[in-house]
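Have a look at the structure below before the remarks.
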Amino acid sequence: MSVVLRTQLVGVAKRPSRLLLTGLAVLVASFVVYATVLAQQITERSVLNGLSGTPETVDLVVQNGEITTGDLTAIGKMPGVAEAAVRTEAYARTPAGDLIVATDPGSGPLSTVEVTEGRFPTAPGEIAVTPRTVERMGLGIGATTAAQPAEGKPVPLTVVGVLTPREDIGFLAYAPLSTVVQINGFDQLDRVDVRFDGGADAGAVRERIVAQVAGEAAPEVAGGAEVRLSEAREAAAEIDQLFIVVRVFVAVAVAAAVLIAASTFRIVFAQRMRQLALLRAVGAGRGALARALAAEGALTGLVAGVTGVLAALAVGHLIPPLLSAFGVAVSRPGFPLVQAAGTVLLAVLITIVAVLAPALSAARVAPLEALRSAATTGARQGIGVLRAITGLLLAAAAAGIAALVTINLPGPQEQDYDAETMMLAVVGSGLLAYLALIALGPVLVRPVLTIAGWPLRRSGPVGRLAVGGVGGSSRRAAAVSVVVALGVTLIAGVLVGGDSIRVLSERETVAAAPTDFEVRGPNGSTLPAGVAERAAQSADLSRVATYRWIGGAQVGTFTEAAVTDVSAKAVPRLAELDTSAGALTDVAPGRAAIAGYVAEMDGLTLGDPVTVRSNGKEVRVTIAAVLGGEAPLHSQILLDPADLTALGVAAAPTGLLADAAQSGEDGRTKGLRALRTVAAAQPDLGVNVLADQRDQITEALGVLMVIALALIGLTVLIAIVGVGSTTALSVVERVRESGLLRAVGMSRGALHGMLTTESALYGVIGAVLGLLLGVPYAWLAVSAIGLEAPLTLPGWQLAAVFGILVALTALAGVLPARRAARVSPVTALGAD
Amino acid sequence: MQTQSSPVAGRDSLAAVAAVDLVKVYGAGDTAVRALDGVTVGFERGRFTAIMGPSGSGKSTLMHCLAGLDTATSGQVLLGGTDLTSQPDRVLTRARRERIGFVFQSFNLLPQLTAAANITLPLDLAGRKPDAEFHDRLITTLGLAGRLGHLPAELSGGQQQRVALARALVSRPEVVFADEPTGNLDSRSGAEVLGLLRDSAHDLGQTIVMVTHDPVAAAYADRVVLLADGQLAGEIHAPDVAAVTESLRNLAAGR
C-alpha cells in the first residue's frame, strides 16, 4: 500500500462518521436497488402461488380448438384417465339480467368451486349461483328464471345451491354441461381438464387423446404444470410491467445518488486541501494522489453497498412475518446472492464514478496551498466557459425537441397519431433539460436566490448571512439543489399529469355515466310507456330523468353525429362536465352545448350558429356552451327538447337515468332491483350499472397515483439525504466560520437558525427549479399523449409539495446545525 | 523599567477589563494542565497593552478567558465592573457582541461577505446601525475607502487585517482583543497594523489588549504584561524592543 493511500485511510479510520456521511447517499441507493429486487421476488412468488386458475391436480389440458361432447365422453372412458372435467360457459340473457352459466365437476380434485348452501346442480335446468349473484340478481335458492338462447324457446332454470368460485363477478352460475350446451345452441366445448390414473403411462394417454381430438381445428394438448405456469406468467406480466416502471425510477434514484456522492466527495476533499497540498509538497505525485482518493471512494462504496444490501435484506425478511401477523400471506424473498453481489458492485462503481472528478481536481492542488494558513480560500464561484457552452447546448437541444413536439401536437380526433414516439421525445427533452440544469446550476442559483432570498434578507442579519452563505458557494448550492429539483420535477410531473388525467377521466365518467343507472331499449327504440313513471315512484331511486337520443345526425360538417336532449337541470352531475366556454345550464330553446372537437373542426365559438340535420329536417341553434370533450351520453351536441322535437324526433323517451336513493353498495343493489322490477315486463330493456364503471376508473387511477408517488418518494429520500449530508459537511468545513460568528457575538440560537435556514434555502432553490422544469414538461407530456386531456395546475398540491420539501430539507440541516452551534468558539477558531 | 505588578490593579476603577486570581485547568487527574495559575492583572482604559510570554505560558488562554470566549475554572473576569465568570452563554454572547472586539491572527473574515459587510457584521448581529461619521473616519484612517466592495479573497493579507481591525473598532467596544495580529503579515504590513492599533488607543481612546510573542510588536504597546507557566512574571511600562527581548531572555533563563 502506498504511503499516500495509507495516509488517506488512516484519516478515514480516524473519522468514520465522515465515511458514513459521504457514503450515505450510496447506502440509500443500494438499499433501494436491492429492496426492489427483493420486492419483485416477493411479489412474483406470491403471485405464482396464488394466481393460476388451473388446479394443481390437472395432468393434461385440452383447449383452443374444436372439442365436442363426444370427445369429452371418449376421453373420460380412456384407460389411464381417472377424470375428465369440462370447463365451458354460455352467455345467457334472463329477465333478471345477463348471466354467465359455466360448468364444473362440482366436487373432487378438479373442482374449482365450493358449495356453501344447497347442493351442486345435477339435473338439466338446475343451477347454482355465486353469493354476489344472489344479491345483485335476486336469485336465492328456489328462485326460477329463464335463459333466452339465440334461437328457440327459453330454457327454464332453477337455483338449487350457492357456491363460491375463484372470482365472483356478480353474474355467474354453474349448471350441468347439457344445460350449458342447450343455452349455447351448439356442441362446442372450451376446454377439458384431464387427471391421470396413478399408474398411467402419461405419454400413451396423451397420444390417445391427441388422436381422439385430431381434425381440421385440432385443440392443443398441453401438460397441466405447463398451463399453470403460463397462466401465472400472464397474471404476473402486469407485475413485470410495473417493475419495469419501478426500475426506471430506481435508475433515477441511483443517478441522484451519484450526484449527491460527487458533491459530498468534493466537499470532503476541499476540507483536506491542506493535507493534500502537504503530501504534494513532500513529493507525492498527482497520479498517486488521485488514485489514493479514488481508492478511498471505492472503499466508501463497498462499505455503503454492503450496509445497504444487508439493511434491505433485513427489511425484506421482516416484512412477510409482519404481514402474516396482519393476516396477509406473502412469500419470503429468499437470498438472491447474484443480485446482492451486483448491487454491491454497482455501489462501488457509482461511487468511483462520483469520486473521479472531485479526486482529479483535488489532486491538482498546488503544493503551495499547504503553506497558506489564511482561511480565506473562498469557494469558487460561477462555472467555466466549457461547462457554460455544454450547458447552453444541452438547453438548446432540449428546447429544440420540445418545440418539435409542440409543432406536432395532435389535432382534435386525429387518427394515426404516434403517441409513443412523441412521449419518448418529451422524456428525452426533459432529460436534456435536466442535464443542462446540472451544467448551468451555479449560474441559475443566483437569480433564484435573489428572488427567494429577498424576504429573508429583509428579516435581519441571520437571514442575510444565510442567503450570503448559500450565494457565496453557488457551486455547492447548485449541487444540492439540482438533486432536490430532480425530486420536485418528478413529483410535480406526476401531480400535474395525474390531475389532468383525473379531470379527463371525470369528464369521461360524467359524460358516459352521469348517474348510477341507465335503462335503454335495444337499438334506440323508445321506452315502453309507464316505465319512467314507475321508476320515479320507487323509494329506492332518486333523480329519475328521461332523455331522447338519436344517431346518424349531422352537426355542422360533422356527420354520423349523435344528438341528445338530456337535461342538465334534471341530472345535476352533468354540471361537472368541463366546458371551455359557457355552461351546460345555459342550454335553452335555440341554444345548444356542442362537443369541443366538433366546434374546433368547424371553427365555431360561443354565440356562433350551427345547423343540425336529421332525416331531412334541420334546426339552427346558437352555441351556448363548448365542452372540453364530448357531449353527454357519447353525443356530439346537446339540444333543448323543443329543438329535438323540431328535428322530427318522437316525444317518447329512448332512455332513463336514475341514481340510487341511498349511497353505498347496499343502496346500489336496492336501486338495481327496483329498476329490474320496473323493467321486468320488457326483457329486452338493458339496465346498466354506470356507478360500477365509475368506481373502477376512480380506483384504478388512485392506485396508479399511489404507486407513482411512492416511487418518486425514493428519489426525494435520496435528495433529503443529500441535503442532510451536504449541510453536515458544510458545517464541518465551516466550523471556523461558525467560531468567528460566535466570537463576534452571534448567539447559539441564531447560528443554529442561520445554518438551518441555509439548508431550507437549498430546498427552496431546488423546489423552484424543479417546478419550473416539472410543470411545463408535464403539460407537454399531457398534450403529447393525445388523449385531449385538459392542462391543469393543481396549485394546492404543488404548494404542499413545495412546503413539505423545504421543511424536509430544513429538517435535514437541523442536526448538523445544532452540532455546529454547540462547538465552543475557541475550539472552532483553533480548528484547522 | 521592570516593576512588580500591583494586585490592586485588578480592582482599579481605571481598568477596562481585569482578571482576579484566575485559574484555568485543562483535563483532569494526572494529565491535568494548569494553563492559568492564579493570575491577577488589570488593563487600563484607553491604553494599548501587550501580553507576552514563551509558548505555553498561558497568554492565549488568558485572552480567551478575558474575552468571554472561554470559561475559567475559578477566579473572576471583570469587564467594566461586570463579572463575566459563571455567566450563561447568552450573557457572554451579548458581551462579545456589544462590548468586545476581536482581531485574529488569521483575519477570520467571512469569505462570502464583502469588506463592508464584514466590517458591520457585529453591529448587524446586534441590530444596530453604525455611527456613520465614525465609520467613515475609520475607513479613511485604515485606508480601506477603495476596497469596501471587495471580497476577502480579493484583498492582500494586510488589507484583510485592516478590515478585521475596522470590524473590531466600528462598534466602539470597551476592549479590543488582538491575538497575534501580525503573525500572518510581512513586516511592512505588520508595522502598519500595529501603528493603527496604537493610534486607535491614543487618538480614539480605545482599550486594546494584544497577545504576541514578537518583541517588535510588543514595543508598540504602552505596557507589556509578562506571563510564564500560567503565572504573572512582571510587566514593562513604555517598552522598547531591547527591554522586551531582555525580559523574555530572563524569563527563559529563570525556568
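Residue numbers (the numbering used here), protein chains in the order written: chain A, 44 to 875; chain B, 18 to 272.
In this text, a Cβ means the ideal position worked out from N, Cα and C, and glycines have one as well.
- request: Spatial neighbours of B/Leu268 within its chain, please: CB distance less than 6 Å, with the 5 preceding and 5 following residues excluded, ordered by chain position.
  value: If you number the second sequence from 1, residue 268 of chain B lands on position 251. These residues qualify, in order along the chain: Ala245 and Ala250.
- prompt: So which residues of chain C does A/Glu801 contact, with C-beta pairs closer than 7 Å?
  reply: The question asks about chain C, but that chain is absent: this structure's protein chains are A and B.
task: Between the Cα of A/Gly515 and those of A/Glu169, A/Pro59, A/Glu780 and A/Val158, spot the shortest distance and give me the residue it belongs to.
output: Within the first sequence, the letter at position 472 stands for residue 515 of chain A. Checked all of A/Glu169, A/Pro59, A/Glu780 and A/Val158; the closest Cα to A/Gly515 is A/Glu780.
message: Closest to A/Ala442 by C-alpha separation, out of A/Val470, A/Ala397, A/Leu687 and A/Val428, would be which residue?
response: Position 399 of the first sequence holds residue 442 of chain A. If we check each option's Cα against that of A/Ala442, A/Val470 comes out closest.
Supposed contact pair A/Ala871 and A/His795 - C-beta distance, whole angstroms, cut 8 Å: Along the first sequence, read from residue 1 onward, the residue named residue 795 of chain A stands at position 752. Along the first sequence, read from residue 1 onward, the residue named residue 871 of chain A stands at position 828. Actually they do not touch by this definition, with Cβ atoms about 14 Å apart.
task: Enumerate in chain order the residues of its own chain whose CB-to-CB distance from B/Phe124 is below 6 Å, with the five nearest sequence positions on each side excluded.
output: On the second sequence, position 107 is the one that residue 124 of chain B refers to. Around B/Phe124: Gln177, Gln178 and Ala181.
field: Meets three-Cβ-pair contact criterion under 8 Å: the region 816-823 of chain A and the region 138-153 of chain B
entry: no
task: Give a yes or no on contact between the region 200-212 of chain A and the region 170-178 of chain A, applying the rule of three or more CB pairs nearer than 8 Å.
output: With the cut-off at 8 Å, the region 200-212 of chain A and the region 170-178 of chain A touch.
query: Using a C-beta cutoff of 9 Å, does B/Thr199 count as contacting chain A?
result: The sequence position of residue 199 of chain B within the second sequence is 182, counting from 1. By this cut-off, B/Thr199 is not an interface position.
- prompt: If you draw a straight line from the alpha carbon of A/Val778 to that of A/Val69, how long is it in whole angstroms?
  reply: In the first sequence, residue 778 of chain A corresponds to position 735, counting from 1. In the first sequence, residue 69 of chain A corresponds to position 26, counting from 1. Taking the straight line from one Cα to the other gives about 25 Å.
message: What are the residues in the region 149-166 of chain B lying within 7 Å of chain A by C-beta distance?
response: none
message: If contact is defined by three or more beta carbon pairs under 8 Å, each pair taking one atom from either stretch, is the region 62-79 of chain B in contact with the region 223-242 of chain B?
response: yes
message: Tell me the rounded alpha-carbon separation between A/Val237 and A/Ser367.
response: Walking along the first sequence from the start, residue 237 of chain A turns up at place 194. Walking along the first sequence from the start, residue 367 of chain A turns up at place 324. So the alpha carbons of these two residues sit roughly 35 Å apart.
- prompt: With distances taken from CA atoms, which of A/Pro453, A/Ala397, A/Ile393 and A/Ile481 is nearest A/Leu436?
  reply: Along the first sequence, one-based indexing puts residue 436 of chain A at 393. The candidate whose alpha carbon is nearest that of A/Leu436 is A/Ile481.
Contacts around A/Val311, its chain only, beta-carbon distance under 6 Å, and the 5 residues preceding and following it disregarded: For the purposes of this step, residue 311 of chain A is identified with residue 268 of the first sequence, where counting begins at 1. Taken in chain order, the residues that qualify are Thr65.
task: For A/Gly258, I'd like the list of residues in its chain whose CB is within less than 7 Å of its CB, leaving aside the five on either flank, ordered along the chain.
output: By 1-based counting over the first sequence, the position of residue 258 of chain A is 215. Glu109.
message: To the nearest angstrom, how far is the alpha carbon of A/Ala296 from that of A/Ile761?
response: Indexing the first sequence from 1 puts residue 296 of chain A at position 253. Indexing the first sequence from 1 puts residue 761 of chain A at position 718. So the alpha carbons of these two residues sit roughly 7 Å apart.
field: Span separating the alpha-carbon of B/Ala52 from that of B/Leu140
entry: Counted from its first residue, the second sequence places residue 52 of chain B at position 35. Counted from its first residue, the second sequence places residue 140 of chain B at position 123. Cα to Cα, B/Ala52 sits roughly 33 Å from B/Leu140.
Inter-residue spacing [alpha-carbon to alpha-carbon] between A/Arg353 and A/Gly672: Taking the first residue of the first sequence as 1, we reach residue 353 of chain A at position 310. Taking the first residue of the first sequence as 1, we reach residue 672 of chain A at position 629. Checking the sequence shown, residue 353 of chain A turns out to be Leu, not Arg. Their backbone Cα atoms lie some 52 Å apart in a straight line.
message: Given this structure, state the Cα-to-Cα distance separating A/Glu619 from A/Ile303, to the nearest angstrom.
response: Taking the first residue of the first sequence as 1, we reach residue 619 of chain A at position 576. Taking the first residue of the first sequence as 1, we reach residue 303 of chain A at position 260. The alpha-carbon atoms of A/Glu619 and A/Ile303 are separated by roughly 46 Å.
query: Contact check, A/Ile637 vs A/Val669 under 8 Å by CB: the rounded distance?
result: Position 594 of the first sequence, counted from the start, is the residue given in the question as residue 637 of chain A. Position 626 of the first sequence, counted from the start, is the residue given in the question as residue 669 of chain A. Your pair A/Ile637 and A/Val669 checks out as a contact, with CB atoms roughly 6 Å apart and the cut at 8 Å.
query: Counting pairs of beta carbons, one from the region 533-543 of chain A and one from the region 682-695 of chain A, are three or more of them closer than 8 Å?
result: no
- prompt: Between the region 638-652 of chain A and the region 569-583 of chain A, are three or more C-beta pairs nearer than 8 Å?
  reply: No contact exists between the region 638-652 of chain A and the region 569-583 of chain A.
- request: Output yes if chain B places a C-beta closer than 9 Å to the C-beta of A/Ala786; else output no.
  value: Translated into the one-based positions of the first sequence, residue 786 of chain A becomes position 743. Chain B contact via Cβ: present.
- prompt: With 16 other CB atoms within 10 Å as the buried threshold, where does B/Arg266 fall?
  reply: Residue 266 of chain B sits at position 249 when you count from the first residue of the second sequence. The residue is exposed, with fewer than 16 neighbouring Cβ atoms inside 10 Å.
task: Determine contact between the region 146-159 of chain B and the region 77-87 of chain B, defined as no fewer than three beta-carbon pairs at a distance below 8 Å.
output: no
message: Could you tell me which whole alpha helix (DSSP H) segments of length 4 or greater appear in the region 97-151 of chain B?
response: If we require 4 residues or more, the alpha helix (DSSP H) runs fully inside the region 97-151 of chain B come out as 106-115, 132-136 and 138-143.
- prompt: Mapping DSSP to helix, strand and coil, what is A/Gly633?
  reply: The residue labelled residue 633 of chain A in the question sits at position 590 within the first sequence. Three-state DSSP puts A/Gly633 in coil, outside helix and strand.
query: Of all Cβ atoms in chain B, is any one closer than 9 Å to the Cβ of A/Gly427?
result: One-based indexing of the first sequence puts residue 427 of chain A at position 384. A/Gly427 does not count as touching chain B.
query: What does A/Ser516 touch in chain B if you count any residue whose Cβ is under 8 Å from its own?
result: The sequence position of residue 516 of chain A within the first sequence is 473, counting from 1. The answer, in chain order, is Gln129.
task: Starting from the beta carbon of A/Gly502, find every residue of chain B whose beta carbon is closer than 8 Å, and list them in chain order.
output: As a working mapping, residue 502 of chain A is identified with position 459 in the first sequence. As written in the sequence, residue 502 of chain A is Ser, which differs from the Gly given in the question. Simply none; closest approach about 11 Å.
task: For B/Leu186, count neighbouring Cβ atoms within 10 angstroms of its own Cβ and tell me buried if that reaches 16, exposed if not.
output: Residue 186 of chain B sits at position 169 when you count from the first residue of the second sequence. With 16 or more Cβ atoms within 10 Å of its Cβ, B/Leu186 is classed as buried.
- request: Confirm, please, whether the CB-CB distance from B/Leu159 to B/Ala133 is below 9 Å.
  value: Along the second sequence, read from residue 1 onward, the residue named residue 133 of chain B stands at position 116. Along the second sequence, read from residue 1 onward, the residue named residue 159 of chain B stands at position 142. Not closer than 9 Å, so no.
- request: Could you say if the region 132-143 of chain A and the region 178-195 of chain A meet the contact criterion of at least three C-beta pairs nearer than 8 Å?
  value: With a cut-off of 8 Å, the region 178-195 of chain A and the region 132-143 of chain A count as touching, because enough Cβ pairs lie within range.
query: What residues of chain A sit near B/Gly144, judged by a beta carbon separation below 9 Å?
result: For the purposes of this step, residue 144 of chain B is taken as residue 127 along the second sequence, with counting starting at 1. Those are Gly503 and Pro504, listed as they occur along chain A.
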